[in-house]
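Structure first, then comments.
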Amino acid sequence: MSALDATPDLSTELGPLSLPHPVMTASGCAGRGRELAGLLDIGEVAAFVTPSLRLEPTSGDPPPRVVETASGVLSATESHEPGIEDFLAGDLPWLVRRGVTTVASVAGSTLEEYGELARRLAASPGISAVEVKLSAHNDDSGGRAFGADPYHAAKATAAVRRDSTAGRPVFAKLIPDVHSVVDVATAVVEAGADGVVLIDSPRGMVIDSDTMRPAPGVGAGRLGGPAVHPLAVRCVWEVHAALPGVPLIGVGGIMSGVDVLGMLLAGASAVQVGSATLADPTAPARILSELREELERRGVSRVEEIVGRAHELQGLEGVRA
Amino acid sequence: MTPSTPVQVTARVVGVKRASVYRQLSMVAPGIPERFRPGTFVTVRVGGDLSSRLLPRAFAIYRVRASGSSGGTVEIVFEVTDDDTRWLSELDAGAKLSVVGPLGRPFSLPREPVVCTLVGGGEGSAPLFPLAEALRERGCSVHMLLAAATESRLFGAIDAKRGSKTLLVSTEDGSVGVRAGVGDVLPTLIARTRSEVVYSSGPPQLLHAVASAAAAEGVWSQTALRTEMPCGTGICLGCLVPVVDEAGEPTMLRACVEGPVFRGDLVRWDELFERRGEPAR
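Same order as they appear, the protein sequences are chains F and V. Take the position in the first sequence, starting the count at 1, then add 189; the result is the number in the numbering used here. Take the position in the second sequence, starting the count at 1, then add 104; the result is the number in the numbering used here.
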C-alpha cells in the first residue's frame, strides 16, 4: 500500500496473532460479549477479552462495588467472575458463531489453578489467545498478587504456557504497583509470554466523607479510566524501550483515537478499551473510527510503522543535545 | 420477557419543568419511545462533552410519546440532590444529551384481565403511570397507592386520580391522605380491591414493605428496584442484587439487565439492606 492511499492499513500483529486493527476490548469491560448487542457489534472489535475466568464462579465483594472518582472509577477488587465451564458452554459458542476473535483471560489462586485453567482452554477450540491475569491473589504467598514480583509473575505465566495449546499465544497482564514493571515484563517473557498487556488497574482508595471510612464495598479497589492513562503510557514506554521486540498491548483509560495513537507511538501494537465502554457502550467502535481519522490526518499509511515511533524522535533529540 | 434492543441517541432537550419538589425533563430521543416498555430506564451522560465524569446516570422512564412534530419524546423525573441533577435541571431547551435506552427488564403484564394495585413512593412512582395505561389496555382494573414523607414529595397524584379506579394517598406526617406507612394500609387495600398482582416502584424500604405485605396476602408482587446502576448495560457489575432463583438458591443478579423489575418475593431484602448499610425500614 502506498503512502498516498486514503485508507490506512490498520492491521497489526501480536506475535503469532494477526489482528485487522489495534482496538480490542479489555477483560471485564465488555461483559460476556452479548450484553452490548444492538449498541456495539462485538464482531467488529479486533479481539474480545473475556471476563477473568476462574475454576469456580465467584460472587465478588458486596455492592456498592463501583465508585466514581475524578476522571475515573474505582471498582471492588474481588469481582464477580464467571466459572470457566459456564463460559465455555454458555458464552463461547455465541462468540464463535459471530466470528469474534476471543482472548480468554484466566485468574487462579494457585499455580495449579492456572495450569488447570490452561488445560481446560486447551481442549476448547474457538479461543485465539490466553491472557494471564496477574492481579489475582496468590493463596500460597499470603494473598499477594502474582504480579507483585517477577518471580511469581513468571511462575504463573509459565504454568499457563506449559499447558496451553502449542502455537496459541499467551499474554501476561501486569499490574503497575511494582518497583519495576520492566523487571516483571522481562521475567514473564522469559517464562514464555508471547506478549505483555500493560496495565491492569492500579489500586486506589476513596474515603467516604459521610461514614469517614473507605467507600463501602470498594476499599482499596481497582482504579480505571482516564486517571490512569498516563501511568499506562509510561509503563508501555519503559517496557518497549527495554524489550523492543516484544508485542505490547496498551490498556488504561483509553477514551479516544488520539489516546490509541499515543499508545502505539509509545510502543504498543494494540490497545484494549476498558472503562470507556462503561461511559459509552459504543466506545470501541467510535475509538476505532477516530483512530482511522487521526492516522489519515497525519498521512500514516500503516499502523505498524508507527509502533514505538515516539522513542525514535526522543533519541534524535537526545543526539542533538 | 426478553428486553428489546436499546439504542444510543443524541437527544435534544425540550424542557425541564418543576413538579412540586421534583423536575420533569422532556427530550426528543428518536428510537427510544418505539422500544419502550413500562419499567425500563435510560442512562444519560451528565456534564457535557468537556466533563471528566465517566459514568452515566440511570433514570426510570416516566412517559414516552411515540411521535411529536420533531420525533418521539421521553420524559424522566428526578430530584435535584447533587451536581449531576443540578446540571440536568439547568439545561435549556435545545441542549444535547447522550442517552442510551430503553434498558432493563420491564414489568411483566398479566395475561388475564386481573385486578392490580400499583404502589409508588415519591418520584419513584413515575414508571407506574405508563404501566397503569398498559394494564388498562389489557382490561385490568388498576388501583393506586401513592406514598411519601409529606405532601410536597408526592409525585403524580393528579395523573393517578385520572388513571386509576381508586387512589389512596398516604404520608408519614399526614399532611395529605392517611397518616400511615404503606405496610399499614396495603394489606387492607389488597383485600378490599381483591388485587391479584401488586406492582411497586420507589425507595427500597417501601418496596420491601410492599413485597412483605403482598407475600403475606398471598398475591404476586413485582418491584422496580432503584439502586445504583453505574453503567446500566450489564458490564460493570456494580448493581448486583441479592435474590433467590426460582429453585430457591441464593444468587446475585444485575439490576440493570436482569432487573430493575424483580419478583418481590425473590429479593433477599435483609441482605440487600445490610449490604447497603441501611436499616430495613
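Glycine included, each C-beta is placed from N, C-alpha and C at the ideal position.
In the DSSP assignment, the residues bridged to W324 (chain V) are V:V301.
Within the region 156–173 of chain V, the residues whose Cβ lies closer than 8 Å to any Cβ of chain F are, in chain order, S156, R157, L158, L159, P160.
For the region 211–288 of chain F, the full-length beta strand (DSSP E) segments reaching 3 residues or more read 212–214, 255–258, 261–264 along the chain. Note on P206 (chain V): 16 or more other CB atoms within 10 angstroms of its CB, so buried under the neighbour-count rule.
In chain order, L158, L159, P334, C335, I339, C340 make up the part of chain V whose C-beta sits under 7 Å from the C-beta of L467 (chain F). With a threshold of 16 other beta carbon atoms within 10 Å, L329 (chain V) meets it and is buried. The Cβ-Cβ distance between D389 (chain F) and V359 (chain F) does not fall below 7 Å. Residue-level contact by beta carbon fails for G408 (chain F) and chain V, as no gap is shorter than 7 Å.
The C-beta of A313 (chain V) has 16 or more other C-beta atoms within 10 Å across all chains shown, which makes the residue buried. When secondary structure is reduced to three states using DSSP, M452 (chain F) falls in the helix class. Among the residues facing chain V, R411 (chain F) is not included, as its CB has no counterpart in that chain under 7 Å away.
Scanning F:A421, F:A468, F:P473, F:G463 for the CA closest to the CA of L454 (chain F) turns up F:A421. Contact check for S200 (chain F) against S216 (chain F) fails: the beta carbons are separated by 7 Å or more. Contact with chain V is absent for V289 (chain F), since none of that chain's Cβ atoms lies less than 7 Å from the residue's Cβ.
Among the CB atoms of chain V, none fall inside 7 Å of the CB of T214 (chain F). In the DSSP assignment, the residues bridged to H326 (chain F) are F:A334. Annotation for S317 (chain F): L206, A236, T290, T291, V292 place their beta carbon closer than 7 Å to its own, counting only its chain and skipping 5 residues before and after. With respect to T346 (chain F), V377 (chain F) sits close: the two C-beta atoms are nearer than 7 Å. Per the Cβ contact rule, the region 352–365 of chain V is in contact with the region 327–342 of chain V (3 or more Cβ pairs under 8 Å). Here the C-alpha atom of G204 (chain F) lies approximately 19 Å from the C-alpha atom of A348 (chain F). With respect to the 7 Å criterion, G226 (chain V) and G306 (chain V) are classified as neighbours on the basis of their beta carbons. With respect to M248 (chain V), S268 (chain V) sits close: the two C-beta atoms are nearer than 7 Å.
Around R157 (chain V), the same chain offers V150, G151 as residues with beta carbons nearer than 7 Å, after the five sequence neighbours per side are excluded. When the alpha-carbon of S193 (chain V) is set against those of V:L341, V:L370, V:V120, the nearest one is in V:V120. Apart from sequence neighbours up to five positions away, the residues of its chain that approach V371 (chain V) with a beta-carbon distance below 6 Å are V347, ordered along the chain. Identification of chain F residues near V361 (chain V) by a Cβ-Cβ cut-off of 8 Å yields E224, ordered along the chain.
Within 10 angstroms of the beta-carbon of G322 (chain V) lie fewer than 16 other beta-carbons, which makes it exposed.
Identification of chain F residues near V111 (chain V) by a Cβ-Cβ cut-off of 9 Å yields G227, L228, ordered along the chain.
The beta carbon of D280 (chain F) is closer than 7 Å to those of R221, G222 in its chain, skipping five residues each way along the sequence. Inclusion of P231 (chain V) and A164 (chain V) in the CB contact set at 7 Å is warranted, their separation being smaller than that value. Spatial neighbours of A409 (chain F) in its own chain (CB-CB distance under 6 Å, excluding positions within 5 residues in sequence) are listed in chain order as R392, M394. Distance from the CA atom of V168 (chain V) to the CA atom of G446 (chain F), rounded to whole angstroms, is 35 Å. Around the beta carbon of M213 (chain F), 16 or more other beta carbons lie within 10 angstroms, which makes this residue buried.
Excluding the 5 residues flanking it on each side, P209 (chain F) has same chain C-beta neighbours closer than 7 Å at L199, S200, A235, in chain order. Contact annotation: the region 122–138 of chain V touches the region 255–268 of chain V, with at least three C-beta pairs closer than 8 Å.
Using a CB distance below 9 Å, the part of the region 465–496 of chain F facing chain V consists of A465, T466, L467, A468, D469, P470, T471, ordered along the chain.
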